[in-house]
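Student: Sequences listed follow chains B and S, in order. At position 477 of the first sequence (counting the first as 1) the number is 477 in the UniProt record's numbering, and the numbers step up by one without a gap. At position 26 of the second sequence (counting the first as 1) the number is 26 in the UniProt record's numbering, and the numbers step up by one without a gap. Note that beta-carbon positions come from the ideal geometry of N, C-alpha and C, so glycine has one too. Everything numeric in this text was worked out from a predicted model, so none of it was measured. Below is one structure. I have some questions about it.
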Amino acid sequence: MYRYDEFDERFVRERVAQFRGQVERRVDGSLSEDEFKPLRLKNGLYLQLHAYMLRIAVPYGTLNSRQLRQLARIAETYDKGYGHFTTRQNLQFNWPKLKDVPDILDLLADVEMHCIQTSGNCIRNVTSDQFAGVAKDEVEDPRPTAELLRQWSSLHPEFVWLPRKFKIAVTGAEHDRAAIKVHDIGLKLKRNAAGDVGYEVIVGGGLGRTPMIGKVIREFLPKDELLAYLEAVMRVYNSDGRRDNKYKARVKILVHETGEDEFRALVEAEYAKLDGPTINAPADEVERIAAYFAPPAYDALPETSETLAKARADDAELDRFVAQNGFAHKVPGYIALTVALKEIGAVPGDMSAAQMRAFADIAERYSFDEFRVTHSQNLVLPHVKQDDVPAVYAALKAAGLASANAGLITDIIACPGLDYCALATAKSIPIAQSIAHAFADPARQRAIGPLPIKISGCINACGHHHVGAIGILGLEKGGRENYQITVGGDASEHAALGERLGPGIDAEDVPGAIEAIVDTYLAEKEGEESFIETVRRTGAEPFKAGFATFIESRAATASEAAE
Amino acid sequence: MAKDHRAGSKVRGDKLPAILMASHLLEGDTVFLTDGDWTRDPSAAKIAHDAETAEAMEVEGKAAAAANLVIDPYLVPVELTDAGLPVARHFRDAMRQKGPSVHKDMGKQAEFQPLG
Chain B
1 MYRYDEFDER
11 FVRERVAQFR
21 GQVERRVDGS
31 LSEDEFKPLR
41 LKNGLYLQLH
51 AYMLRIAVPY
61 GTLNSRQLRQ
71 LARIAETYDK
81 GYGHFTTRQN
91 LQFNWPKLKD
101 VPDILDLLAD
111 VEMHCIQTSG
121 NCIRNVTSDQ
131 FAGVAKDEVE
141 DPRPTAELLR
151 QWSSLHPEFV
161 WLPRKFKIAV
171 TGAEHDRAAI
181 KVHDIGLKLK
191 RNAAGDVGYE
201 VIVGGGLGRT
211 PMIGKVIREF
221 LPKDELLAYL
231 EAVMRVYNSD
241 GRRDNKYKAR
251 VKILVHETGE
261 DEFRALVEAE
271 YAKLDGPTIN
281 APADEVERIA
291 AYFAPPAYDA
301 LPETSETLAK
311 ARADDAELDR
321 FVAQNGFAHK
331 VPGYIALTVA
341 LKEIGAVPGD
351 MSAAQMRAFA
361 DIAERYSFDE
371 FRVTHSQNLV
381 LPHVKQDDVP
391 AVYAALKAAG
401 LASANAGLIT
411 DIIACPGLDY
421 CALATAKSIP
431 IAQSIAHAFA
441 DPARQRAIGP
451 LPIKISGCIN
461 ACGHHHVGAI
471 GILGLEKGGR
481 ENYQITVGGD
491 ASEHAALGER
501 LGPGIDAEDV
511 PGAIEAIVDT
521 YLAEKEGEES
531 FIETVRRTGA
541 EPFKAGFATF
551 IESRAATASE
561 AAE
Chain S
1 MAKDHRAGSK
11 VRGDKLPAIL
21 MASHLLEGDT
31 VFLTDGDWTR
41 DPSAAKIAHD
51 AETAEAMEVE
61 GKAAAAANLV
71 IDPYLVPVEL
81 TDAGLPVARH
91 FRDAMRQKGP
101 SVHKDMGKQA
111 EFQPLG
C-alpha cells in the first residue's frame, strides 16, 4: 500500500499544526462558532447531538495493522472504546472533545492518516472497490488512480470552496462494487478496442434529496489524461454549479439542469482550453505511486487447498462462513474474506478497540498486513492463503467477528441516524437491529439469499437507501418517526433507484413489512433468481400489493386493540 | 451554510413550559441552563413556565454563546413528570437528554437519574 514520502509527511503535519492553531483561537474566543464551523468541517470535525464527531479518512478503504492499532489506542484514550466504519469507507469517533482533537490528529499523522477533506464543500475521500487488486474481473487495480486523485485533490487551491461536497469513486472491475453511478464522478478503468487502458467517466450521479444515476460523459479517456480532464469537469462545476440553494448545489443538479449533451460540450470546451501536460501527473510520478500497489509476494500454490476442503467438511460453521463470506482471489490458493461487522443485534459498522487489536493481528499475520473497509460497513482480508482459513476463522470467531452473513438480509447498511446525528429525522440503527433479530435464523437467511437492505435516518441518504434492494428512509411525520420503504434499488453496474411501496409506517411495523416483502419475493421468485433479479423482472407491483395487505392487516389489528 | 435541522422548534401549539439546551464548546456535551450557570444533568435544568422567563433564558443563552461557552442554545418545550422533571416533547431533544438509544451505557442515561 501507499507510504508517505517526505512531502506527504510534512503536508499532513503542517495541516495538523494549522488546525491546532484554529482550535486554540476558537477556545480563546478569537474565532466565533460561525467562523470556526467551516474550518472544523474541512478537518472532519462535526458537532452532533451528544458530542463532537471526528471523521477520519481511510483512503479508498485501505488500512494496515499499525494504523488499526493506533485507531484502537485513540478509541480508548480519547473516545469511548470503539469506532464506527461508514458507508464512505471512513471511520468515525463519536465522543472526542474539542481540546483533544489536535492531539488525535497528531496520533493519526504518526501512522500516515488524517481527516483532511472528510467534510466540507470540497473533494472528499476517494472510494474504491474493496476487492481492488484481488478480483478476477479487474482490468487494472483502481488504487493507484484513487491515490493519484487523493494527492491531486488534497487542498487543491482551486477546489477547496466548491458549491457543495464532491465525491469520486473508482473501480477497475466489470462488476461495480464501488457504486460509481451514484457518485459525483464515477471512474471505471476499461480497455478500448486497441487494448489501451483508460477510463469511462461518469458525472452527476448522487443520492440525497434528489437521487440521480450518473451520465457517461466520456466513453473512453486515455489514462494519462485523467487529471486534466477532471480539472475541466471541476472547473465547469465550480463556475456553473448553483451556490444560491444548498439543495440544488450538487453537480448532479447542474448536469440535470444543463442537460447531458450540453454539459459534455462545456467540459470538452474547457478541456480544450487547458494545457494538459502541465496538469496531468508526470509518468514517473504515476509509476512511483503504482509501485506501492504492486502485488504482495504470493506463494505459488495449487488452485484449491486440501487443508481447507477437509476443514470445511469437518466443520459446518466454517463451511458456511467460507461459502458466504469468501470471495474468489485471482491468485491460485488464495481467497479474500469479508468480515461482516454485522453480528445479530450489533450496531452496523461498529468495532471495539479490542476487536480492532485482534483484527490487526489477524491482518498482519494472514493477509500481508493489509485490510479493506467496504462501503457496506464491513471489512475485508484481501489476501488470505486458503490453507490458513481455518486458523483465521478461529481467530475471527474468538474476537466476535465471524458473522457468516455477508450480503444477506442481516448484512444491513445503516447510517448513525437520530442516535447520534444532528441532521437525522429518525433513528436507523435500531431499525437495522430489529430486522436482524427478525431474520436471525442462519438457515432462513441463506434461503432468502442476497438481499442488501439500506437504511437512512434522513433525506440526505448516508445509508444509501435509494440503492438498497430494500431501502428504508426514516422521516418525521406528525411528531413521530415514520419509515418509507422502497424496493428495486441497486448500486451496481445495473444502478437503479428504488420505488416506494406505499405510505410510511411506524418503527415497530418495519420488521413485519420486511417479512411481507420477503414473502412476496419467495412467492414470485423463478428458479434461482435473487431478490433484485425478481424485482427487476416483475417490477414493484406485486411488492406493493403484498405491502398493502400488510398495512391492512396492521390497521385491522390496531382497530381490534382499540375496541 | 444552511442552519442545521432543529426539530425542537417544530413542536406544535404552546411552547411552554420550556428548558434551554445547548452544546458545551469544549466538551461538545449537551448542557442545560440553570440559574446563572449550566449543568450537564437534565434533571437540574431550569424550567420556564411563562414567556417572560423563557425570553430571559434565551437572552442568557445567546450571551453564553457570544462568550464562547456554549454553542447553539435553543428553547426546548417540555412536559413535566409527576416529580416535576422536564421531559422534552420532541423525540430528538429527548434523545439529547438521554444519550444514544443503542448505547444505554453512554451519555446522560449512564451518568444521571432518568427523568421519568
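Alpha carbon to alpha carbon, how far is Met-21(S) from Tyr-74(S)? Give it in angstroms, no decimals.
Tutor: Residue mapping note: residue 74(S) aligns to position 74 of the second sequence, counting from 1. Residue mapping note: residue 21(S) aligns to position 21 of the second sequence, counting from 1. Rounded to whole angstroms, Tyr-74(S) to Met-21(S) spans 6 Å at the Cα level.
Student: According to DSSP, is Tyr-247(B) part of a helix, a strand, or is it coil?
Tutor: Here residue 247(B) is taken as the residue at index 247 of the first sequence, counted from 1. DSSP places Tyr-247(B) in helix when its eight states are reduced to three.
Student: In chain S, which residues lie less than 8 Å from Asp-419(B) when you measure between Cβ atoms?
Tutor: Walking along the first sequence from the start, residue 419(B) turns up at place 419. Residues of chain S passing the Cβ test: Met-95, Pro-100, Ser-101, Val-102, His-103.
Student: Please give the ranges of any alpha helix (DSSP H) in the UniProt domain "Nitrite/sulphite reductase 4Fe-4S" (410 to 545) of chain B, keeping only runs that are unbroken, at least 4 residues long and fully inside the region.
Tutor: Qualifying alpha helix (DSSP H) stretches, in chain order: 429 to 438, 442 to 448, 510 to 524, 531 to 538.
Student: With contact counted as at least three CB pairs below 8 Å, one residue from each stretch, are the region 365 to 384 of chain B and the region 95 to 106 of chain B in contact?
Tutor: No contact exists between the region 365 to 384 of chain B and the region 95 to 106 of chain B.
Student: With DSSP collapsed to three states, give me the class of Ile-104(B).
Tutor: On the first sequence, position 104 is the one that residue 104(B) refers to. It is helical.
Student: Tell me, please, whether the region 292 to 300 of chain B touches the region 240 to 255 of chain B by the rule of three or more beta-carbon pairs shorter than 8 Å.
Tutor: The region 292 to 300 of chain B vs the region 240 to 255 of chain B: no contact.
Student: For Thr-30(S), go through chain B and note every residue whose CB falls closer than 7 Å to its CB, in chain order.
Tutor: On the second sequence, residue 30(S) is found 30 positions in, with the first residue counted as 1. Under the 7 Å cutoff, chain B gives His-50.
Student: Using a C-beta cutoff of 8 Å, does Arg-40(S) count as contacting chain B?
Tutor: Here residue 40(S) refers to the residue found at position 40 of the second sequence. Answer no: the Cβ-Cβ gap between Arg-40(S) and chain B never drops below 8 Å.
Student: Could you tell me which residues DSSP puts in a beta bridge with Gln-89(B)?
Tutor: Along the first sequence, read from residue 1 onward, the residue named residue 89(B) stands at position 89. Answer is none; Gln-89(B) lacks a bridge partner.
Student: How would you call Gln-18(B), buried or exposed, if buried means at least 16 neighbouring beta carbons within 10 angstroms?
Tutor: As a first step, residue 18(B) must be located in the first sequence, where it is residue number 18. Exposed is the call here.
Student: Mind checking the region 20 to 31 of chain B against chain S and listing, in chain order, the residues whose C-beta falls within less than 9 Å of any C-beta there?
Tutor: Those residues of the region 20 to 31 of chain B that come within reach of chain S (Cβ to Cβ, closer than 9 Å) are Arg-26, Val-27, Asp-28, Gly-29, Leu-31.
Student: Whose C-beta lies closer than 7 Å to the C-beta of Asp-35(S) among residues of the same chain, with five residues either side of it excluded?
Tutor: Counting from 1 along the second sequence, the entry for residue 35(S) is found at position 35. Contacts found: Lys-46.
Student: Near Lys-3(S), what residues of its chain come up, given a Cβ to Cβ distance below 8 Å and the 5 sequence neighbours on each side ignored?
Tutor: Start at 1 with the first residue of the second sequence, and residue 3(S) comes out as number 3. Its pLDDT being 42, under 50, Lys-3(S) is placed unreliably in this model, and the coordinates cannot settle the point.
Student: Buried or exposed: where does Trp-38(S) fall if 16 or more other Cβ atoms within 10 Å of its Cβ makes it buried?
Tutor: For the purposes of this step, residue 38(S) is taken as the residue at position 38 of the second sequence. By the neighbour-count rule (16 or more Cβ atoms within 10 Å), Trp-38(S) is buried.
Student: For Leu-226(B), which of Arg-164(B), Phe-166(B), Ala-193(B), Ser-153(B) has the nearest alpha-carbon?
Tutor: Start at 1 with the first residue of the first sequence, and residue 226(B) comes out as number 226. Leu-226(B) has its Cα closest to that of Ser-153(B), out of Arg-164(B), Phe-166(B), Ala-193(B), Ser-153(B).
Student: Any beta carbon from chain B within less than 8 Å of Gly-116(S)'s own beta carbon?
Tutor: In the second sequence, the residue the question calls residue 116(S) occupies position 116. Not closer than 8 Å to any Cβ of chain B, the Cβ of Gly-116(S) fails to qualify, so no.
Student: Near Leu-221(B), which residues of its chain fall below 6 Å by C-beta distance, leaving aside the five closest residues on each side in sequence?
Tutor: What you label residue 221(B) is simply residue 221 of the first sequence in a count that begins at 1. Contacts found: Gly-198, Tyr-199, Val-201, Tyr-229.
Student: Going along chain S in order, which residues have a C-beta closer than 9 Å to the C-beta of Ile-429(B)?
Tutor: One-based indexing of the first sequence puts residue 429(B) at position 429. In chain order: Pro-100, Ser-101, Val-102.
Student: Do you know whose CA, among Leu-85(S), Ala-64(S), Ala-18(S), lies nearest His-24(S)'s CA?
Tutor: Residue numbering aside, residue 24(S) sits at position 24 when the second sequence is read from its first letter. Per the Cα distances, Ala-64(S).
Student: Which residues of chain S have a Cβ atom closer than 9 Å to the Cβ of Leu-401(B), listed in chain order?
Tutor: Position 401 of the first sequence holds residue 401(B). Neighbours of Leu-401(B) on chain S: none; closest Cβ ~19 Å, over 9 Å.
Student: Go through its chain and collect everything with a Cβ distance to Glu-76(B)'s Cβ below 8 Å, but skip five positions before and after it.
Tutor: Working through the first sequence from its first residue, we reach residue 76(B) at position 76. Excluding positions up to five away in sequence, the list reads Ala-353.
Student: Please list the terminal residues of the continuous beta strand (DSSP E) segment that includes Val-203(B).
Tutor: As a first step, residue 203(B) must be located in the first sequence, where it is residue number 203. It spans 197 to 203 - the beta strand (DSSP E) in which Val-203(B) sits, taken as one unbroken run.
Student: For Arg-242(B), which residues does DSSP report across the bridge?
Tutor: The residue labelled residue 242(B) in the question sits at position 242 within the first sequence. Answer is none; Arg-242(B) lacks a bridge partner.
Student: Evaluate Val-59(S) with the Cβ neighbour count: other Cβ atoms within 10 Å of its Cβ, from every protein chain shown; 16 or more gives buried, anything less gives exposed.
Tutor: Along the second sequence, read from residue 1 onward, the residue named residue 59(S) stands at position 59. Exposed, by the Cβ-count rule.
Student: With a threshold of 16 other CB atoms inside 10 Å of the CB of Asp-441(B), please say whether the residue is buried or exposed.
Tutor: Residue 441(B) sits at position 441 when you count from the first residue of the first sequence. Classification for Asp-441(B): exposed.
Student: Taking Cβ positions only, does Leu-47(B) come closer than 8 Å to chain S?
Tutor: Residue mapping note: residue 47(B) aligns to position 47 of the first sequence, counting from 1. Yes, its Cβ sits closer than 8 Å to a Cβ of chain S.
Student: Going by DSSP, what residues sit across from Pro-77(S) in a beta bridge?
Tutor: Here residue 77(S) refers to the residue found at position 77 when the second sequence is read from its first residue. For Pro-77(S), which the question treats as bridged, DSSP gives the partners Ala-18(S).
Student: Ala-540(B) and Val-487(B) - do their beta-carbons sit closer together than 8 Å?
Tutor: What you label residue 487(B) is simply residue 487 of the first sequence in a count that begins at 1. What you label residue 540(B) is simply residue 540 of the first sequence in a count that begins at 1. Yes.
Student: Step through the CB atoms of chain B and report whether any lies within less than 8 Å of the CB of Ala-2(S).
Tutor: Translated into the one-based positions of the second sequence, residue 2(S) becomes position 2. Note that Ala-2(S) has pLDDT 37, beneath the 50 cutoff, so the model's placement of it is unreliable and the number below is only indicative. Yes, Ala-2(S) counts as interfacial toward chain B.
Student: Out of His-256(B), Thr-557(B), Asn-482(B), state which residue places its alpha-carbon closest to the alpha-carbon of Cys-458(B).
Tutor: On the first sequence, position 458 is the one that residue 458(B) refers to. Out of His-256(B), Thr-557(B), Asn-482(B), Asn-482(B) has the C-alpha closest to the C-alpha of Cys-458(B).
Student: Which residue marks the beginning of the alpha helix (DSSP H) containing Gly-61(S), and which one marks its end?
Tutor: Taking the first residue of the second sequence as position 1, residue 61(S) is located at position 61. Where Gly-61(S) is concerned, the enclosing alpha helix (DSSP H) stretches over 51 to 66.
Student: Counting only the same chain and skipping the five closest in sequence on each side, list residues whose C-beta sits under 6 Å from that of Ala-7(S).
Tutor: On the second sequence, residue 7(S) is found 7 positions in, with the first residue counted as 1. For Ala-7(S), the pLDDT reaches just 45, beneath the cut-off of 50, and the residue's location in the model is therefore unreliable, leaving the point undetermined.
Student: Along the chain, where does the beta strand (DSSP E) that runs through Gly-326(B) open and close?
Tutor: For the purposes of this step, residue 326(B) is taken as residue 326 along the first sequence, with counting starting at 1. Start and end: 326 to 328.
Student: So, helix, strand or coil for Pro-86(S), using DSSP?
Tutor: Sequence index remark: in the second sequence, residue 86(S) carries index 86 (1-based). Residue state, collapsed to three classes: strand.
Student: Please list the partners that Met-21(S) has in chain B, where partner means a Cβ-to-Cβ separation under 9 Å.
Tutor: Here residue 21(S) is taken as the residue at index 21 of the second sequence, counted from 1. The contacting residues do not exist; Met-21(S) stays about 10 Å from chain B at best.
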